[in-house]
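Q: Take a look at the following structure, please.
Protein chains: 4
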Amino acid sequence: MEPYKHTVCYYETDKMGITHHANYVHWMEEARIDFFNKIGWGYEKLEEQGVISPVTAVECKYKTATTFPDEVEVSVKVSEFKGVVLKFSYLMKNADGKTVFEGKSEHCFLNKEGKLVRLNKEFPELFELLTSLAESER
Amino acid sequence: MEPYKHTVCYYETDKMGITHHANYVHWMEEARIDFFNKIGWGYEKLEEQGVISPVTAVECKYKTATTFPDEVEVSVKVSEFKGVVLKFSYLMKNADGKTVFEGKSEHCFLNKEGKLVRLNKEFPELFELLTSLAESER
Amino acid sequence: MEPYKHTVCYYETDKMGITHHANYVHWMEEARIDFFNKIGWGYEKLEEQGVISPVTAVECKYKTATTFPDEVEVSVKVSEFKGVVLKFSYLMKNADGKTVFEGKSEHCFLNKEGKLVRLNKEFPELFELLTSLAESER
Amino acid sequence: MEPYKHTVCYYETDKMGITHHANYVHWMEEARIDFFNKIGWGYEKLEEQGVISPVTAVECKYKTATTFPDEVEVSVKVSEFKGVVLKFSYLMKNADGKTVFEGKSEHCFLNKEGKLVRLNKEFPELFELLTSLAESER
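Protein chains in written order, with our numbering: chain A, 1 to 138; chain B, 1 to 138; chain C, 1 to 138; chain D, 1 to 138.
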């Protein structure tokens, strides 16, 4: 899968002259949404069917600073999925191919009543797809 | 009415070393919400009754730069209200009393169907209050 | 000039379910930086030469709500330039071609000492270019 | 030490109706800066002396959703400091005393040349203070 690309915005920098660290959490989200689009399960379609997918955990390791107007490549992988908790890993590189960031995120799927959605029952195709993507990463 | 106070956050600065200009729009919102609290009409209560108040226009004039960790005082006034469009004006000063920003915003009130709410019919007390505040500014 | 394209991010929405109004100020900046790139004067190059271009005023008119994951086209034009104050106008449209936003911004150019840079003396080529672009819009 | 208080802003919510997860990283920073103020080492003073303290890692565990206009209490502790890497832990609670978030962050201190600052040599008082705060948490 092609990495997602994000060009650092001026408003994403801070007075240290570099990208403020909170923005990488935004880029993880952008790349994750791009990932869902690429596998044919646009996130907005899930929401239209009454399913939301809140973030339950995030981990960020900042390796090299970036700044405006660097182009950052974000690779996203399903690192684990056994039916309830979906885990992603992220690797971000700058234009020189240098790793700038490594991250992880965890998500669940909730219905409108706030209850956990079991994908294998309600969205078996998505369940199979995420399971196979997770296995291919082992 | 006491001005609203906001201390500039580190993450609100940019690589110029000053507050990024978009954040002042956030502070206008913070001060406006503080204003609604102070007149006894917390914004969340309006929303609980199915009324939202989207922003339809904003104007910003940047007079003096601010930066982390400046304390900014934001004064908010109802500049016009004739029943449909609610207009606010904003004056922001730094700790030296120097004007750093002047702004305006315009708002309407919508119900859940996205239709204009006429406050004089549905919220006559709020209508009277906003009208009298607007008149006192003339 | 091709309009700049921005896809609304999930994190740019608010609890009304629509794009929070402050983000349009970010998109104006993104489109302006894209504009400088397209005319061959990347904003980072100006900064490398010790010139910054702070925003001195912004005006926003919100016409139609947008939300995740709408694609928004942002057209930028130089609306006025007589040597000191640079004025841009912005028109944003959604995928249906409907106007969602109209805006304006004003900028000056400062050197490292915080003094106004007169482009006609220090950057005559950029001066000529911006002047001609402003004139072509009359 | 008194916890830092943050009232969730409207612009910090997203279309799920809750606080967008990236904002907690902002609140960690706000609380950390408040912590430095309270121990008498305002972060801006460090910067004036040519020292910056970039974030090298962040961990976030989201326990309970918050939303506008919840008041969140953020407790910050030095969890580890042996001279180079400064580690903080964060506990956020809502007005009901319920844990909404647990987090960690890691930081180093750099001089203007981007080299690691050894606090025990250059800022012995700050070194002693952080060391004793870390030890008191064991």
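C-beta: ideal position from N, C-alpha, C; glycine also.
Chain C partners of proline 69 (chain A), CB-CB under 9 Å?
A: Near proline 69 (chain A) (Cβ distances below 9 Å), the residues of chain C are Ile33, Asn37, Gly42, Tyr43, Glu44.
Q: List in chain order: all unbroken beta strand (DSSP E) runs of 3+ residues lying wholly within the stretch 75 to 114 of chain A.
A: Runs found: 86 to 93, 99 to 107.
Q: Specify, as a first and last residue, the run of the alpha helix (DSSP H) that lysine 38 (chain A) falls within.
A: Unbroken alpha helix (DSSP H) run through lysine 38 (chain A): 23 to 38.
Q: Taking the beta carbon of leucine 116 (chain A) as the centre, do at least 16 other beta carbons fall within 10 Å, making it buried, or is it exposed?
A: That one is exposed.
Q: Does the CB of histidine 56 (chain A) have a neighbour CB from chain D at under 9 Å?
A: Position check: residue 56 (chain A) holds threonine in this sequence, whereas histidine was assumed. So, interface residue.
Q: Return the CA-CA distance between lysine 87 (chain A) and lysine 61 (chain D), expressed in angstroms with no decimal places.
A: Using only the alpha carbons, I get a separation of about 13 Å.
Q: Taking the alpha-carbon positions, what's the valine 76 (chain C) to tyrosine 90 (chain C) distance?
A: Each residue's Cα considered, the two are about 5 Å apart.
Q: Consult DSSP for glutamate 2 (chain C) and reduce its assignment to one of helix, strand or coil.
A: Correct three-state label for glutamate 2 (chain C): coil.
Q: Sort out for me which residues DSSP pairs tyrosine 62 (chain B) with in a bridge.
A: According to DSSP, tyrosine 62 (chain B) bridges with B:Phe101.
Q: Would you mind stating whether lysine 15 (chain D) and threonine 67 (chain C) have Cβ atoms separated by less than 9 Å?
A: It is a contact, given that the beta carbons lie within the stated cut-off.
Q: Does the CB of valine 72 (chain B) have a neighbour CB from chain C at under 9 Å?
A: Chain C contact via Cβ: absent.
Q: So what does DSSP say about threonine 131 (chain C), is it helix, strand or coil?
A: Helix, per DSSP.
Q: Mind pulling the chain A residues with CB within less than 8 Å of histidine 26 (chain C)?
A: Under the 8 Å cutoff, chain A gives Cys9, Tyr11.
Q: Hey, would you say methionine 92 (chain D) sits closer than 9 Å to glutamate 106 (chain D), going by beta carbons?
A: No, they are not a contact pair.
Q: Can you list, in chain order, the residues of its chain whose CB lies under 8 Å from that of tyrosine 24 (chain B), leaving out five sequence neighbours each side?
A: For tyrosine 24 (chain B), where only same-chain residues beyond five positions count, the Cβ hits under 8 Å are Cys60, Tyr62, Met92, Phe101, Gly103.
Q: If you run the structure through DSSP and keep just helix, strand and coil, what is glutamate 73 (chain B)?
A: Glutamate 73 (chain B) falls in the strand class under three-state DSSP.
Q: Taking all protein chains shown into account, decide if alanine 31 (chain D) is buried (16 or more other Cβ within 10 angstroms of its Cβ) or exposed.
A: Result: buried.
Q: Would aspartate 96 (chain C) be called buried (16 or more neighbouring beta carbons within 10 Å of its own) or exposed?
A: So aspartate 96 (chain C) counts as exposed.
Q: Quick one: using the 10 Å Cβ neighbour count with 16 as the cut-off for buried, is asparagine 94 (chain A) buried or exposed?
A: By the neighbour-count rule (16 or more Cβ atoms within 10 Å), asparagine 94 (chain A) is buried.
Q: Leaving out the 5 sequence neighbours to the left and right, which residues in its chain are closer than 8 Å to isoleucine 18 (chain D) when beta-carbon positions are compared?
A: Excluding sequence neighbours, isoleucine 18 (chain D) sits near Ala65, Thr66, Thr67.
Q: Across the stretch 119 to 130 of chain C and the stretch 43 to 59 of chain D, are there enough close Cβ pairs to call them in contact, namely three or more that are closer than 8 Å?
A: They do not touch, by the three-pair rule.
Q: For valine 58 (chain B) and valine 8 (chain B), which I take to be in contact (beta-carbon distance under 8 Å), what is that distance rounded to the nearest angstrom?
A: Not confirmed; about 19 Å, so no contact.
Q: Is there at least one Cβ from chain D nearer than 9 Å to histidine 6 (chain A)'s Cβ?
A: Not an interface residue.
Q: In whole angstroms, what is the alpha-carbon distance linking cysteine 108 (chain B) and cysteine 108 (chain C)?
A: Distance between the alpha carbons of cysteine 108 (chain B) and cysteine 108 (chain C) is about 33 Å.
Q: State yes or no: is the beta carbon of lysine 15 (chain B) nearer than 9 Å to at least one beta carbon in chain A?
A: Output row for lysine 15 (chain B): interface = yes.
Q: Closest to glycine 40 (chain A) by CA distance: which of A:Leu129, A:Ser136, A:Glu135, A:Ala134 is it?
A: Nearest C-alpha to glycine 40 (chain A): A:Leu129.
Q: Using the rule of at least 16 other Cβ atoms within 10 Å of the residue's Cβ for burial, across every protein chain shown, is valine 84 (chain C) buried or exposed?
A: Valine 84 (chain C) should be labelled exposed.
Q: Along the alpha helix (DSSP H) that carries leucine 119 (chain B), what are the first and last residues, could you check?
A: Start and end: 119 to 122.
Q: Under 9 Å Cβ-Cβ, which residues of chain B neighbour proline 22 (chain A)?
A: It is alanine, not proline, that sits at residue 22 (chain A) in the sequence shown. Correct list: Tyr11.
Q: Please name the residue, chosen from C:Ala22, C:His26, C:His21, that lies closest to tyrosine 11 (chain A) on a Cα-to-Cα basis.
A: Ranking the options by Cα distance to tyrosine 11 (chain A), first place goes to C:His26.
Q: Below 8 Å CB to CB, which residues in the same chain sit around phenylalanine 35 (chain C) once its five sequence neighbours on both sides are set aside?
A: Cβ within range, chain order: Met1, Tyr4, Val76, Phe88.
Q: Hey, would you say valine 78 (chain C) sits closer than 9 Å to alanine 134 (chain C), going by beta carbons?
A: Contact flag set, yes.
Q: Does the Cβ-Cβ distance between proline 69 (chain B) and glycine 42 (chain D) come in under 9 Å?
A: For proline 69 (chain B) and glycine 42 (chain D), yes; Cβs fall inside 9 Å.
Q: Per the DSSP calculation, leucine 116 (chain D) is bridged to which residue(s)?
A: DSSP output for leucine 116 (chain D) lists D:Leu110 as bridge partner(s).
Q: Just list the residues that DSSP pairs valine 51 (chain A) with in beta bridges.
A: Beta-bridge pairing links valine 51 (chain A) to no other residue.
Q: Buried or exposed: which applies to glutamate 137 (chain B), given that a residue is buried once 16 or more other Cβ atoms fall within 10 Å of its Cβ?
A: By the 10 Å Cβ count, glutamate 137 (chain B) comes out exposed.
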